[in-house]
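Chains as they are written, first to last, in our numbering: chain A, 331 to 480; chain B, 59 to 234.
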């Protein structure tokens, strides 16, 4: 359990900043095919916004049990990535050859576009979940209480 | 010439990294390392590798600093000051020699931006010319990372996954 930050300035700034950071992370994630960015950076930015929320507003162990259980499923992003690769098998192609994704009414380059987008989402989910999970592991109950009690 | 950015960035890099080594306070060392990552991301951006610069700024200066700080709060004694023994003689002699050797070897690198150097002449022109027609993705870096070299990226994702699992296994304790 991490206590929430006492200062009203930090809390108001957090309320303002966290949605902005999340929107920027989503922008970087989905704009990665047109400019700098992509799944890795977008995932780190999204994870950082969640870390900021944890550090500012605290996190209650009993109430966020569900979140912790979700964090145990660390490999969801990897599953998305490998799943997209596996879907290409169904189209009769090689692993991760997005041209064989079975999406009707799309030509081969568009299928590759969709495949890149899906795998980027997978990378982003994996990175964000891993970042938050590492922070939760680092700030386990005893450590934080020790350092705050002196 | 391009001296206007090169020299100050190099000086800042060296100053921040030397400060991170020599400073006594652990917190200052972590923040100086964050500054170092930020200046390094400026160097990447100046070299034209904008994607790498983005990752360096976000991960090196942002996430890694937060993780270092949390680790420091979790582990360090209250004053957080370090007493360093003087470096051994072998390091004082050997490391400059190694540096000189590396600088000597760096002379054989191809010129920056040389169109005939091996990394610029093997498959890079193919990617630059055909990646948009093949993937409809204007950012060549993304199309190389996620399509042409997708298997590599998947295994990198496995590495990140493994890091998260290892941290959870090592650091999380049972609640008594």
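Quick reminder that beta carbons are idealized off the backbone N, C-alpha and C, glycines included.
In the DSSP assignment, find the unbroken alpha helix (DSSP H) run with residue i in it and report its ends.
i, result
"residue 118 of chain B", "Looking at the DSSP string, residue 118 of chain B is not in any alpha helix (DSSP H), and its letter there is neither H nor E."
"residue 439 of chain A", "438 to 468"
"residue 107 of chain B", "From DSSP, residue 107 of chain B is part of no alpha helix (DSSP H); its letter is neither H nor E."
"residue 158 of chain B", "147 to 164"
"residue 429 of chain A", "Careful: residue 429 of chain A lies outside any alpha helix (DSSP H) and carries neither H nor E."
"residue 408 of chain A", "406 to 420"
"residue 363 of chain A", "Neither: residue 363 of chain A is in no alpha helix (DSSP H) and is coded neither H nor E."
"residue 212 of chain B", "208 to 229"
"residue 202 of chain B", "Segment: none, residue 202 of chain B is in no alpha helix (DSSP H) and carries neither H nor E."
"residue 183 of chain B", "182 to 193"
"residue 177 of chain B", "176 to 179"
Exposed or buried, residue i, counting other C-beta atoms within 10 Å across all chains shown (16 or more means buried)?
i, result
"residue 461 of chain A", "buried"
"residue 147 of chain B", "exposed"
"residue 133 of chain B", "exposed"
"residue 188 of chain B", "exposed"
"residue 441 of chain A", "buried"
"residue 76 of chain B", "exposed"
"residue 177 of chain B", "exposed"
"residue 411 of chain A", "buried"
"residue 181 of chain B", "exposed"
"residue 337 of chain A", "exposed"
"residue 208 of chain B", "buried"
"residue 416 of chain A", "exposed"
"residue 428 of chain A", "buried"
"residue 173 of chain B", "exposed"
"residue 225 of chain B", "buried"
"residue 217 of chain B", "exposed"
"residue 88 of chain B", "buried"
"residue 91 of chain B", "buried"
Would a check of beta-carbon distances place residue i closer than 9 Å to chain A?
i, result
"residue 184 of chain B", "no"
"residue 181 of chain B", "no"
"residue 229 of chain B", "yes"
"residue 62 of chain B", "no"
"residue 89 of chain B", "no"
"residue 178 of chain B", "no"
"residue 192 of chain B", "yes"
Is the Cβ of residue i closer than 9 Å to any Cβ of chain B?
i, result
"residue 334 of chain A", "no"
"residue 467 of chain A", "yes"
"residue 358 of chain A", "yes"
"residue 435 of chain A", "no"
"residue 421 of chain A", "no"
"residue 426 of chain A", "yes"
"residue 407 of chain A", "yes"
"residue 388 of chain A", "no"
"residue 438 of chain A", "yes"
What are the residues that DSSP puts in a beta bridge with residue i?
i, result
"residue 335 of chain A", "Per DSSP, none; premise fails for residue 335 of chain A."
Return yes when at least one heavy atom of the ligand PLP lies under 8 Å from the C-beta of residue i, else no.
i, result
"residue 387 of chain A", "Ligands displayed in this structure: none; no statement on the ligand PLP is therefore possible."
Give a yes or no on whether 9 Å exceeds the smallest Cβ distance from residue i to chain C.
i, result
"residue 417 of chain A", "In the structure shown, chain C cannot be found, because the protein chains are A and B."
Open item on the list: Closer than 7 Å between beta carbons: that is the criterion. Which residues of the stretch 64 to 85 of chain B meet it against chain A?
Closed with: none
Task: chain A contacts made by the stretch 106 to 138 of chain B, where a contact means CB separation under 7 Å - done: 108, 109, 112, 113, 116, 117, 120, 121, 124, 125, 128, 129, 131 and 132
Open item on the list: Please identify, using Cβ separations under 9 Å, the residues of the stretch 142 to 170 of chain B that lie next to chain A, in order along the chain.
Closed with: none
Task: Contacting positions in the stretch 91 to 105 of chain B - beta carbon closer than 8 Å to chain A - done: none
Task: Residues of the stretch 372 to 386 of chain A whose Cβ lies closer than 7 Å to any Cβ of chain B, in chain order - done: 374, 375, 378 and 381
Open item on the list: Against chain B, which members of the stretch 443 to 463 of chain A pass a CB distance test of less than 8 Å?
Closed with: 443, 445, 446, 449, 450, 452, 453, 456, 457, 459, 460, 461 and 463
Task: Interfacial residues, the stretch 342 to 367 of chain A to chain B, with Cβ spacing under 7 Å - done: 362, 363, 364, 365, 366 and 367
Open item on the list: Against chain A, which members of the stretch 188 to 219 of chain B pass a CB distance test of less than 9 Å?
Closed with: 190, 191, 192, 193, 194, 195, 196, 197, 199, 200, 201, 203, 204, 205, 208, 209, 211, 212, 214, 215, 216, 218 and 219
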